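Visitor: Before we start, here is the structure in question, set down as structure tokens.
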Amino acid sequence: MMGVIEDLSDYQRVMKRISKWVMPGGRVYLDFASEKKPFGTRSFITQYVWPGTFRLVFMPQFIDAVRESLFEIINILNDRRNYYLW
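At position 50 of the sequence shown the residue is numbered 50 (my numbering), and the sequence of numbers has no breaks.
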């Protein structure tokens, strides 16, 4: 799922829904923009990457939701460097 989780802030509900779609032993790939704070998107993001109002995934809350679900986090990749190269 690419660029969707930012718009779905009820992460526990999202994990429950995804678990209904994935077969046992299956995997889910999620690609999203995140932040360590619940609010305060940096101006660079809203000016150059996604203009206008934009919500980032609040990582502590998201990780808690995954831990409470049937899923486990295998890998988290910080892709920030790609935006730096712009």
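C-beta: ideal position from N, C-alpha, C; glycine also.
Just so you know, these numbers come straight off a predicted model, no measurement behind them.
Please state if the CB of ILE5 and the CB of PHE44 are separated by a distance shorter than 8 Å.
Guide: Result no, Cβ atoms of PHE44 and ILE5 do not sit closer than 8 Å.
Visitor: Could you tell me which of TYR11, ASP7, MET2 sits nearest to GLU68, measuring between CA atoms?
Guide: Measuring from the Cα of GLU68, the nearest candidate turns out to be TYR11.
Visitor: Using 8 Å as the threshold, is the C-beta distance between PRO38 and PHE58 below it?
Guide: In contact: PRO38 and PHE58 (Cβ atoms closer than 8 Å).
Visitor: Whole angstroms are fine: how far does the CA of PRO24 sit from the CA of ILE76?
Guide: Looking at the two C-alpha atoms, the distance is approximately 22 Å.
Visitor: Can you pull the DSSP bridge partners for VAL57?
Guide: Per DSSP, SER34.
Visitor: Consult DSSP for MET15 and reduce its assignment to one of helix, strand or coil.
Guide: It is helical.
Visitor: Which same chain residues, not among the five before or five after GLU35, have their C-beta less than 8 Å away from its C-beta?
Guide: Contacts found: THR41, LEU56, VAL57, PHE58, MET59.
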